[in-house]
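Residue numbers (the working numbering), protein chains in the order written: chain A, 1 to 407; chain B, 1001 to 1391. Beta carbons are placed, not taken as given, at the ideal position from N, Cα and C, and that holds for glycine. Keep in mind it's a predicted model, so treat the numbers as computed, not measured.
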């Protein structure tokens, strides 16, 4: 299968051999292409709505007055909530929350209308399920928009009843209105917030584990290592030839997911595309080198893949998207800052929705660059060690090598 | 029956005898229990730094700034001359919000006019946005109500009535089950169920692909347990093992991390039985599909993240497309995360998780059936090979 003219040992020989390998190993090929793309498609499908609207809540109307009916209409009319059911009593509403049918219960007390106009300040109570925080907060936002609007109308009429001119009453009703602007994501779109971060996170898992796996296959035994070294005409070109085909593949996968995000899901690109490309390239390389490093230090390959899984599969929480790094403890901050994904996501958020000025954009990209240089250095040191050991045919324990590399 | 017992005993011993399996099921369980919750342990964002651009510079505007700073939500860490310089600080991620108090803020208030303020909150991280906007809006509303009450009293309205007129209908929002709105309280109960599933899938997948996946064979007497005995024996072995790990994850860990639990232990354990059986079955199916321990590991490593978002826990099921939701029910965690959090965190009675309970039993029977058929075919195939060898 190899192109005949390329049979001289060197980088290209290993490069083409790796591509040939991929052709003959459908699992590995699928794992670096179809698997991430399919899982990305699944995540995209989950979040395709972008905004969570018309979340079902229950209403317990003990008043049945014009006022209570108009409140219910308003609650139903906000984009966030929909009045799905009328509860007959409090216990029934509670049951509906427990069974997951509704996310909240709005209780309008008896004599609501009468007490409001008598100035007795009756209480409208909204019980909502914050066990699911996102959903709970969204339903509360709906109620918070609807009920005060209803109250506003009452306040107006109370004032005009006191003889205040309507214009003056209107101005006085809300003395300090706050105009809230959501910077960088004005519609609070979950696609641009969460999905755009989830896709690279998924890719990070795939790149690190797949690299540990593919490098491990060649470096696991001394015999295979010798073959690889001969083919590459040295360990360095061999390693480069081994990694580069995957770099191309992963960049293509990242390209496809970005094409969908930017092209179909309208993720804005307020910053610079070329910076994003540089960051993406450095991200893929550092993930690959991380995987390769694990494979060089940990044998058998199964152990390397296990550790790669252990480090990357729970990584999303440490990258500070759902719960920002701002609020994390020292350990999580430290571990998060060792993940390429943390910095890549920072650079992505900078260049996509934030449109960060150029001079403030470099930090995450320089950190990624430092990762690439540092990890490549460690890989090189380790390869030198392996080579020295192989030529001397001495047996250096991995632990001794590790301490040398670190010191 | 002896076959079933032999498989059961053999498989249970393999969990501890095979190093990779032991690492995943025992060491992995302990590691994730400590490692995974770390980012969330502070529960909430506090004192998110924001800047104030005070164009007014009066006693009232400073009072507003002081009150905003006094909340636990935000902290005023910078006072900046204009929006442009403040925006730069936002881009540098040094502050996450800008509160702009325009010129004549105090004068307009004193003249009885509406005196708006503007808040620019960083919405590239939603939790930050919620904190900043929630904190500032609440302060402005309270201060506004005070101003309005004073004004009403000024025009001769009775004080009690004045208070009523500024807030005639109080809205009390009662957060249930997670009253502080803590992030760990929100995310960990679901995450623990998902971790249990992923660790178990990995362990069972390895057990099914590593050498000796056919326990209970008695070579001396030439006995081989039947397909049903093999499947049932293995599943019971996993059930016995999870009888130790699952209570650790669903009862001990939530307690140690201080997560509120309203439900009793018994309903949790009742739901746990079909959960463990369905995950065991799925793990054996995964093993049969990928046939190689490394492949099992690789595939399972990537699949946990999407599984979490399928469960309707982080993103409401109502807005997940129906087709995706229906397919997602094939994964035990979709029903299990829902069922366990409602039983434990919400204190729902078992009857309220009936559909999840039945779904998990259905999955257990379905995956168990698939594995049974696979075992059955394996025996026929092996039998054929034996005949060929004999002939």
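* To do: Would you kindly report the start and end of the unbroken alpha helix (DSSP H) that includes residue 137 (chain A)?
  => 133-161
* Rounded C-beta distance between residue 353 (chain A) and residue 270 (chain A)? I'm assuming under 8 Å. -> 6 Å
* Under 9 Å from the C-beta of residue 1352 (chain B): neighbouring residues of chain A -> 95, 98, 99 and 100
* For the candidate residues A:347, A:349 and A:316, whose alpha-carbon lies nearest to that of residue 333 (chain A)? -> A:316
* Could you give the uninterrupted runs of the beta strand (DSSP E) lying entirely in the stretch 1110-1159 of chain B, keeping only those of 3 residues or more? -> 1117-1122
* Asked: At least one CB of chain E closer than 7 Å to the CB of residue 65 (chain A): is that the case?
  -> The structure shown contains no chain E; its protein chains are A and B.
* To do: Leaving aside the five residues before and after residue 1177 (chain B) along the sequence, list all residues of the same chain whose C-beta is less than 6 Å from its C-beta, in chain order.
  => 1345 and 1346
* Asked: Taking the DSSP output, what are the residues bridged to residue 123 (chain A)?
  -> B:1170
* Please list the partners that residue 328 (chain A) has in chain B, where partner means a Cβ-to-Cβ separation under 9 Å. => 1038, 1039, 1040, 1041 and 1042
* Can you tell me the Cα-Cα spacing of residue 1098 (chain B) and residue 1305 (chain B), whole angstroms? -> 34 Å
* With DSSP collapsed to three states, give me the class of residue 1232 (chain B). => helix
* Nearest to residue 1181 (chain B) (by Cα), restricted to the options B:1315, B:1045, B:1243 and B:1310 -> B:1045
* Burial state of residue 1158 (chain B) (16 or more Cβ within 10 Å) -> exposed
* Would you check if the distance between the CB atom of residue 15 (chain A) and the CB atom of residue 244 (chain A) is smaller than 7 Å? => yes
* Where does residue 108 (chain A) sit, in a helix, a strand or coil, going by DSSP? -> strand
* Asked: Among the residues of its own chain, which have a CB less than 6 Å from the CB of residue 347 (chain A), if the five just before and after it don't count?
  -> 279, 364 and 365
* Between which two residues does the alpha helix (DSSP H) carrying residue 63 (chain A) extend? -> Element bounds for residue 63 (chain A): n/a, residue is neither H nor E.
* Using only the heavy atoms of the ligand MN, determine whether one of them is closer than 6 Å to the beta carbon of residue 294 (chain A). => As presented, the structure is devoid of all ligands, the ligand MN included, so that no description of it is given.
* Asked: Taking all protein chains shown into account, do 16 or more other C-beta atoms lie within 10 angstroms of the C-beta of residue 336 (chain A), making it buried, or fewer, making it exposed?
  -> buried
* To do: May I have the straight-line CA-CA distance separating residue 1188 (chain B) from residue 130 (chain A), to the nearest angstrom?
  => 13 Å
* **Neighbourhood of residue 313 (chain A) by C-beta, 7 Å cutoff - its chain only, sequence neighbours within 5 removed** => 205
* State yes or no: is the beta carbon of residue 285 (chain A) nearer than 7 Å to at least one beta carbon in chain B? => no
* To do: Using three-state DSSP, classify residue 1175 (chain B) as helix, strand or coil.
  => strand
* Going by the beta-carbon positions, is the gap between residue 1068 (chain B) and residue 1132 (chain B) smaller than 7 Å? -> no
* **Boundaries of the alpha helix (DSSP H) in which residue 20 (chain A) is found, first to last residue** => 11-24
* Separation of residue 1319 (chain B) from residue 1339 (chain B), as counted between CA atoms -> 19 Å
* Output the distance between the C-alpha atoms of residue 128 (chain A) and residue 1179 (chain B), rounded to the nearest integer angstrom. => 10 Å
* Taking just the CA atoms, how far does residue 1368 (chain B) sit from residue 409 (chain A)? -> Only positions 1 to 407 of chain A appear in the structure, and residue 409 (chain A) is not among them; the question remains open.
* Three or more beta-carbon pairs under 8 Å between the stretch 1276-1285 of chain B and the stretch 1194-1201 of chain B, yes or no? -> yes
* Cβ-based burial, residue 1103 (chain B) [other Cβ within 10 Å; buried from 16] -> exposed
* **Closer than 7 Å at the beta carbon, the chain A residues around residue 1314 (chain B)** => 134
* Does any CB atom of chain B fall closer than 7 Å to the CB of residue 189 (chain A)? -> no
* Report the three-state DSSP secondary structure of residue 1286 (chain B) (helix, strand or coil). => helix
* To do: State yes or no: is the beta carbon of residue 307 (chain A) nearer than 7 Å to at least one beta carbon in chain B?
  => no
* Taking buried to mean at least 16 other C-beta atoms within 10 Å of its own C-beta, is residue 81 (chain A) buried or exposed? -> buried
* Asked: According to the neighbour-count rule (16 or more other Cβ atoms, all chains shown, within 10 Å of its Cβ), is residue 227 (chain A) buried or exposed?
  -> exposed
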